[in-house]
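Novice: Chains as they are written, first to last, in UniProt numbering: chain W, 1 to 286; chain C, 1 to 286. C-beta: ideal position from N, C-alpha, C; glycine also.
There are 2 protein chains.
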Amino acid sequence: MSQDTFGYERCERLPHAERIVYQGLEGAYSNLAAVQFFSQYPEAGFSHVKTFDAAVRAVDEGTGDYAVLPIENSTAGSVADSYDALAKREVSVVGEYLLPVRHALLACGDAALADIRTVYSHPQGIKQCAPFFEEHPEIEAVAVSNTAVAAQLVQAMGKSSAAAIASAYAGQIYGLKVLIPTLNYRAENTTRFLIVGKEKLYLCGAKTVSLMMETRHEAGALYHVLGALYAEGINLLRLAARPVPEVSWAYRFFLDFSGSLEEAAVQRALREVERLSTSLRILGCF
Amino acid sequence: MSQDTFGYERCERLPHAERIVYQGLEGAYSNLAAVQFFSQYPEAGFSHVKTFDAAVRAVDEGTGDYAVLPIENSTAGSVADSYDALAKREVSVVGEYLLPVRHALLACGDAALADIRTVYSHPQGIKQCAPFFEEHPEIEAVAVSNTAVAAQLVQAMGKSSAAAIASAYAGQIYGLKVLIPTLNYRAENTTRFLIVGKEKLYLCGAKTVSLMMETRHEAGALYHVLGALYAEGINLLRLAARPVPEVSWAYRFFLDFSGSLEEAAVQRALREVERLSTSLRILGCF
């Protein structure tokens, strides 16, 4: 154990969890993740903004306390805009939440499956329910910006020929009935959300460290960084590369690994990674 | 030099470059990349399909000879659907082409900039021209599926209040005039395209090897794979991770590195990578 936790402080509970911001609309999967993650925080209120960047900006600028950000889906992969939003702002990741994605087919009260001709959803919702559209060639899929937008649209139209692919939670919010409860073909489909705050805090029991770094442009640069983890017996969980906006074909890496900032092995590894990289930012411990 | 080139054969020129397939519509950046890459192949004809997967499938099933596939943009990052399409099919990458992205503002013959109220483009086109929309708050941006679709739409509407963000090439095809020739704020914005064929071929002078692999689920697995390259003095160019569709939170890696399948050092490194991975496929040499 050591006290050199890179400016991060341990806490028992997230402070000031009052203004929780997510991207999208009421009833979006991000809303559901936010409500579930903060279920132990009765002081939490929820509001939505238009983009991932606006959610992170709200936290950075103090108009929100925490943002709930989808970072990765188990079948669709990483959410590039979320990574870029984190890279741009001085914020920290204080938690993560795994939300199973259960797409339902939602329609107005008097509609039956045989009536449906048009189904609205996010492009990923349509893709994840591809077998349904193959079985029903009479139904057209129309992409909108969010599954909750689809539910809201179907409610507003009030036609029995329209349906939405969204969560049952969105159905409750927009007063739609569930025609088919589980439409997605891969039952284990899960989205991983990050909880983003302004202060450098980590909760007791945190077991993942997340960092963002750029390596020197020389052979073996990334190899040596991974070696710094391996030498300390640390397990790499994820690795994502995103372009550095200012420089063509330069990349920054996002690494998640097992451990806590309190562990001496993690601290040694981080100091070695810092020595090997041209920039290093510890995004958080959760 | 060795003859053990993992089933790949060297060629001076791509054979049967007659039916070239790309995703999108005539005038899309993929069309422009295809025409430019195959400019030395007078036998080449071009056709478009709806999805990246359909383009790769055409090559796999023999209804097309080569597909031209955007794989990465210098500012937006990797194109996940292209990686997934390559992973699904038994095809090989036989070339790459770097296309500078020059977005123009296109409108009907009688329109002036002061008339424009709505601009259509692909979401990336809109994002890459963000400063233009900040300078012109009177202009609304509307996202469509492709920059060429935007140009076609503006032609079909024939209104002087509508414009498209697309290439000057799309403007020629759809009879639109160029109001502003270079609208994107980052002049070095470049998209990297892969040329995908059915046969395992590599052109003389190829200097990049691309592979797809899955590692064991144990600490240091990726570290040791990168070590196999480093030990042979091979420079890693790119690394991308994509989810394995069948397994939650399992990843496959796409690695590009400098070298040719003819080099003994590359062959040694590949045999070592094969030993360290649970699956390895050499995607190509180009």
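Just to confirm, are residue 248/W and residue 188/C a CB contact at a threshold of 7 Å?
Specialist: Residue mapping note: residue 248/W aligns to position 248 of the first sequence, counting from 1. Residue mapping note: residue 188/C aligns to position 188 of the second sequence, counting from 1. Yes.
Novice: Does DSSP classify residue 88/W as helix, strand or coil?
Specialist: Mapped onto the first sequence, residue 88/W falls at position 88. Helix, per DSSP.
Novice: Could you tell me the distance, in whole angstroms, from the CA atom of residue 156/W to the CA atom of residue 31/C?
Specialist: Reading the first sequence from its first residue, position 156 is the one you call residue 156/W. Reading the second sequence from its first residue, position 31 is the one you call residue 31/C. Rounded to the nearest angstrom, the two C-alpha atoms are 40 Å apart.
Novice: Assuming residue 21/C contacts residue 67/C under a Cβ cut-off of 8 Å, what Cβ separation, rounded to an integer in Å, is found between them?
Specialist: Taking the first residue of the second sequence as position 1, residue 21/C is located at position 21. Taking the first residue of the second sequence as position 1, residue 67/C is located at position 67. Their Cβ separation, rounded to whole angstroms, is 5 Å, which keeps residue 21/C and residue 67/C in contact under 8 Å.
Novice: Throw me the rounded Cβ distance for the residue 148/W and residue 54/W pair, which I believe falls under 8 Å.
Specialist: On the first sequence, position 148 is the one that residue 148/W refers to. On the first sequence, position 54 is the one that residue 54/W refers to. Their Cβ separation, rounded to whole angstroms, is 16 Å, which puts residue 148/W and residue 54/W out of contact at 8 Å.
Novice: Roughly how many whole angstroms lie between the Cα atoms of residue 48/W and residue 24/W?
Specialist: Here residue 48/W corresponds to residue number 48 of the first sequence, with the count starting at 1. Here residue 24/W corresponds to residue number 24 of the first sequence, with the count starting at 1. When rounded, the distance between both Cα atoms is 6 Å.
Novice: Of all the residues that make up the region 212–232 of chain C, which are near chain W by a beta-carbon distance shorter than 7 Å?
Specialist: Result list: 219, 220, 222, 223, 226, 227 and 230.
Novice: Strictly under 7 Å for the Cβ-Cβ distance: is residue 242/W near chain C by that measure?
Specialist: Numbered from its first residue, the first sequence carries residue 242/W at position 242. Residue 242/W counts as touching chain C.
Novice: Check each candidate in 165/W, 183/W and 186/W and name the one with the smallest Cα separation from residue 176/W.
Specialist: Here the question's residue 176/W lines up with position 176 in the first sequence. The residue with the shortest Cα to Cα distance from residue 176/W is 165/W.
Novice: In this structure, how does DSSP classify residue 18/W when only helix, strand and coil are distinguished?
Specialist: Reading the first sequence from its first residue, position 18 is the one you call residue 18/W. The answer is coil: DSSP assigns residue 18/W none of H, G, I, E or B.
Novice: Using the beta-carbon count (16 or more within 10 Å), is residue 204/W buried or exposed?
Specialist: For the purposes of this step, residue 204/W is taken as residue 204 along the first sequence, with counting starting at 1. Under this definition residue 204/W is an exposed residue.
Novice: Could you say if the region 238–257 of chain W and the region 239–256 of chain C meet the contact criterion of at least three C-beta pairs nearer than 8 Å?
Specialist: Yes, the region 238–257 of chain W is in contact with the region 239–256 of chain C.
Novice: Can you tell me the Cβ-Cβ gap for residue 82/W and residue 98/W, rounded? I've got them flagged as a contact below 8 Å.
Specialist: The residue you call residue 82/W lines up with position 82 of the first sequence. The residue you call residue 98/W lines up with position 98 of the first sequence. Wrong, their Cβ atoms sit about 15 Å apart, outside the cutoff.
Novice: Locate the beta strand (DSSP E) running through residue 254/W, then write down its first and last residues.
Specialist: What you label residue 254/W is simply residue 254 of the first sequence in a count that begins at 1. Per DSSP, residue 254/W belongs to the beta strand (DSSP E) from 251–258.
Novice: What are the partner residues of residue 77/C, as DSSP defines its beta bridges?
Specialist: Stepping through the second sequence from its first residue, residue 77/C is reached at position 77. Partner(s): 73/C.
Novice: Could you name the residues of chain W that residue 245/C contacts, counting a contact when the two beta carbons are closer than 7 Å?
Specialist: The count along the second sequence starts at 1 and reaches residue 245/C at position 245. In chain order: 75.
Novice: Does the Cβ-Cβ distance between residue 193/C and residue 76/C come in under 7 Å?
Specialist: In the second sequence, residue 193/C corresponds to position 193, counting from 1. In the second sequence, residue 76/C corresponds to position 76, counting from 1. No, the pair does not count as a contact, with Cβ atoms beyond the cut-off.
Novice: Quick one: list the residues of chain W neighbouring residue 236/C, beta-carbon separation under 9 Å, in chain order.
Specialist: The count along the second sequence starts at 1 and reaches residue 236/C at position 236. Per Cβ cutoff of 9 Å: 219, 220, 221, 222 and 223.
Novice: Would you please verify whether the beta carbon of residue 161/W is less than 7 Å from any beta carbon of chain C?
Specialist: In the first sequence, counting from the first residue as 1, residue 161/W sits at position 161. With 7 Å as the cut-off, residue 161/W does not count as an interface residue toward chain C.
Novice: Measure from the alpha carbon of residue 219/C to the alpha carbon of each residue in 229/W, 217/W and 213/W, then state which is nearest.
Specialist: Here the question's residue 219/C lines up with position 219 in the second sequence. The shortest Cα separation from residue 219/C among 229/W, 217/W and 213/W belongs to 229/W.
Novice: Name the chain W residues whose beta carbon is nearer than 9 Å to that of residue 239/C?
Specialist: Walking along the second sequence from the start, residue 239/C turns up at place 239. Neighbours of residue 239/C on chain W, chain order: 222, 239, 241, 251 and 253.
Novice: At a CB-CB cut-off below 7 Å, which residues of chain C make contact with residue 80/W?
Specialist: One-based indexing of the first sequence puts residue 80/W at position 80. Here the neighbours are 77.
Novice: I'd like the list of long-range same chain contacts for residue 126/C, defined as Cβ closer than 8 Å, with 5 residues on each side in sequence excluded.
Specialist: One-based indexing of the second sequence puts residue 126/C at position 126. These residues qualify, in order along the chain: 119, 133, 141, 143 and 165.
Novice: How many angstroms separate the CA atom of residue 38/W from the CA atom of residue 178/W?
Specialist: Here residue 38/W refers to the residue found at position 38 when the first sequence is read from its first residue. Here residue 178/W refers to the residue found at position 178 when the first sequence is read from its first residue. C-alpha separation (whole angstroms): 26 Å.
Novice: Please decide whether residue 277/W counts as near chain C, where near means a Cβ-Cβ distance under 7 Å.
Specialist: As a working mapping, residue 277/W is identified with position 277 in the first sequence. By this cut-off, residue 277/W is not an interface position.
Novice: State the start and end residues of the unbroken beta strand (DSSP E) segment that holds residue 268/C.
Specialist: Counting from one through the second sequence, the residue named residue 268/C turns up at place 268. Segment 264–276 is the alpha helix (DSSP H) holding residue 268/C; no beta strand (DSSP E) there.
Novice: So the beta strand (DSSP E) residue 231/W belongs to, where does it begin and stop?
Specialist: Locating residue 231/W in the first sequence gives position 231, counting from the first residue. Where residue 231/W is concerned, there is no enclosing beta strand (DSSP E), given that its DSSP letter is neither H nor E.
Novice: Consider the Cβ of residue 248/C: report whether some Cβ of chain W lies at a distance smaller than 7 Å.
Specialist: Residue 248/C sits at position 248 when you count from the first residue of the second sequence. Chain W contact via Cβ: present.
Novice: Suppose the cutoff is 8 Å on Cβ atoms and the five residues either side in sequence are ignored; what does the same chain contact list for residue 208/W look like?
Specialist: Working through the first sequence from its first residue, we reach residue 208/W at position 208. Result list for residue 208/W: 96, 237, 256, 257, 258, 259, 285 and 286, in chain order.
Novice: Taking the continuous alpha helix (DSSP H) assigned at residue 57/W, which residues delimit it?
Specialist: The residue given as residue 57/W occupies position 57 in the first sequence. First-last of the alpha helix (DSSP H) with residue 57/W: 52–61.
Novice: Would you kindly report the start and end of the unbroken beta strand (DSSP E) that includes residue 125/C?
Specialist: In the second sequence, counting from the first residue as 1, residue 125/C sits at position 125. Per DSSP, residue 125/C belongs to no beta strand (DSSP E); it is in the alpha helix (DSSP H), 123–128.
Novice: Can a CB atom of chain C be found closer than 7 Å to the CB of residue 188/W?
Specialist: Against the first sequence, residue 188/W aligns to sequence position 188. With 7 Å as the cut-off, residue 188/W counts as an interface residue toward chain C.
Novice: So for residue 193/W, helix, strand or coil by DSSP?
Specialist: Taking the first residue of the first sequence as 1, we reach residue 193/W at position 193. Of the three classes helix, strand and coil, the one that applies to residue 193/W here is strand, per DSSP.
Novice: Tell me, to the nearest whole angstrom, how far the beta carbon of residue 280/C is from that of residue 201/C; I am working on the premise that it is less than 8 Å.
Specialist: Within the second sequence, residue 280/C is the residue found at index 280, counting from 1. Within the second sequence, residue 201/C is the residue found at index 201, counting from 1. With 8 Å as the limit, residue 280/C and residue 201/C do not qualify as a contact, their Cβ atoms being about 19 Å apart.
Novice: Can you pull the DSSP bridge partners for residue 220/W?
Specialist: Here residue 220/W corresponds to residue number 220 of the first sequence, with the count starting at 1. Paired residue(s): none; residue 220/W is not in a bridge.
Novice: Buried or exposed: which applies to residue 88/C, given that a residue is buried once 16 or more other Cβ atoms fall within 10 Å of its Cβ?
Specialist: Reading the second sequence from its first residue, position 88 is the one you call residue 88/C. The residue is exposed, with fewer than 16 neighbouring Cβ atoms inside 10 Å.
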